[in-house]
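One structure is given below, encoded as structure tokens.
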Amino acid sequence: MDHPMGRRGGGGALPRGCVIALLATVGAVCVVVLYVLWQIHRTLDRTPPDVGAFAHSAPTRTAGEAAARRSSARLTKLTSALPWAVPVGTSVADSCRTEDQNPFFGPAHWAPINCVRSSVVYLAFDGDIGTRLQQLDTVLAEQKWVGSGQSPHTLTGMATWLSQAGGDPSPAVSQQGSTASPGSQPTCLSTTYGPATQKQGMAHGGLGVRLRVSVGERPCMPPTDTGDIQTGGTVTKAADEGAVYLAWHPLSTFAVSRSAYTTHRYVAALSLTDSYAVQSVPTTSAPTR
194 MDHPMGRRGG GGALPRGCVI ALLATVGAVC VVVLYVLWQI HRTLDRTPPD
244 VGAFAHSAPT RTAGEAAARR SSARLTKLTS ALPWAVPVGT SVADSCRTED
294 QNPFFGPAHW APINCVRSSV VYLAFDGDIG TRLQQLDTVL AEQKWVGSGQ
344 SPHTLTGMAT WLSQAGGDPS PAVSQQGSTA SPGSQPTCLS TTYGPATQKQ
394 GMAHGGLGVR LRVSVGERPC MPPTDTGDIQ TGGTVTKAAD EGAVYLAWHP
444 LSTFAVSRSA YTTHRYVAAL SLTDSYAVQS VPTTSAPTR
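Numbered per our numbering, the sequence shown spans residues 194 to 482.
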């Protein structure tokens, strides 16, 4: 006969049904608390400023038209100096938007409205990649584009730096912009520039111009600044609250590159970002009507 103590085992344990009921109760309490907090959050004034009014105002329209002319002229000048490269598409996204700098609980703090025109010209080409990178560097220097940020100041410099860093042969990493030197691994590099007359880089949400030049070889999708959201071959407008698009002629970087690689070895993407209008004073609530 078993000893009575052996039959009791873990005598103090709660029955399984009680444990389940307790967990369900705790879960229900958490749901109620979160619901109450969310309702409090919603009662606070979180209405974005009137982006549309700023975007369609006369000064913004004038600045936007000037940005469109500037961007077109700069990209045309660059592509005209690259006769060995074949244009395979151009995308444009021009939008004004703000962002909540306090997105969780409490009153919203909206950043100044910022209007930006993003233009991307895609080029396909062949030939010796070292020579082509040097030719691109020469044209960029002649047209007074200077390297910005922490990256090497030329495409050739970027390729050399990546070669010294060892690169990464995996396609996944190559698509993100890391690769070995041209010829040993698929080329996939990107660096940014600013006009020589622009004394500082373009700050986030500030006025200024930035040019990103990316060069890729299959399977690399050259990194681009398109001004919209790209997921695989799908292109959608940015979902920022209060965003207003003034122009949107999208192209999928994935689709353009995949098509270009059927007949050419390399793809270059010239992404020109022109931040042309910024609201002078940040807004913390909706405008009074």
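Just so it is clear, CB atoms sit at the ideal spot from N, CA and C, and this is done for glycine as well.
Boundaries of the alpha helix (DSSP H) in which residue i is found, first to last residue
i, result
"Gly257", "Ala251 to Ser273"
"Gln328", "Ile322 to Glu335"
"Gly513", "The shown model of the chain, from 194 to 482, leaves out residue 513, and the question about it has no answer."
Cβ-Cβ distance between residue i and residue j below 8 Å
i, j, result
"Ser450", "Gly409", "yes"
"Val406", "Ala461", "yes"
"Pro443", "Arg411", "no"
"Ala334", "Tyr469", "no"
"Arg325", "Leu465", "no"
"Asn307", "Gly398", "yes"
"Pro276", "Gln472", "no"
"Ser264", "Asp467", "yes"
The beta strand (DSSP E) enclosing residue i, as first and last residue numbers
i, result
"Gln378", "That residue, Gln378, is in no beta strand (DSSP E); it is neither H nor E in DSSP."
"Gly411", "What sits at residue 411 in the sequence shown is Arg, not Gly. Unbroken run through Arg411: none, as it is neither H nor E."
"Gly340", "Trp338 to Gly340"
Same chain, Cβ closer than 6 Å to residue i, neighbours up to 5 away in sequence not counted
i, result
"Val437", "Val244, Gly245, Ala248 and Cys289"
"Gly420", "Ala286 and Ser311"
"Thr269", "none"
"Ala440", "Val285 and Asp287"
Short CB-CB distance (under 8 Å) between residue i and chain C
i, result
"Thr272", "Of the protein chains in this structure there is only one, and it is not chain C."
Chain-order list of residues whose beta-carbon lies under 8 Å from that of residue i (same chain, five-residue window excluded)
i, result
"Thr272", "Ala278, Pro280, Val314, Leu316 and Leu463"
"Val339", "His346, Tyr386, Gly387, Pro388 and Ala389"
"Ala431", "Ser288, Arg290, Gly420, Asp421 and Ile422"
Residues that DSSP places opposite residue i in a beta bridge
i, result
"Thr427", "Thr424"
"Ser312", "Val285 and Leu465"
"Pro280", "Leu316"
"Leu404", "Tyr386 and Leu465"
"Arg290", "Asn307"
Runs of alpha helix (DSSP H) wholly within the stretch 429-465 (minimum 4 residues, chain order): For the alpha helix (DSSP H) assignment, the uninterrupted runs of no fewer than 4 residues enclosed by the stretch 429-465 are, from N- to C-terminal side, 446-453.
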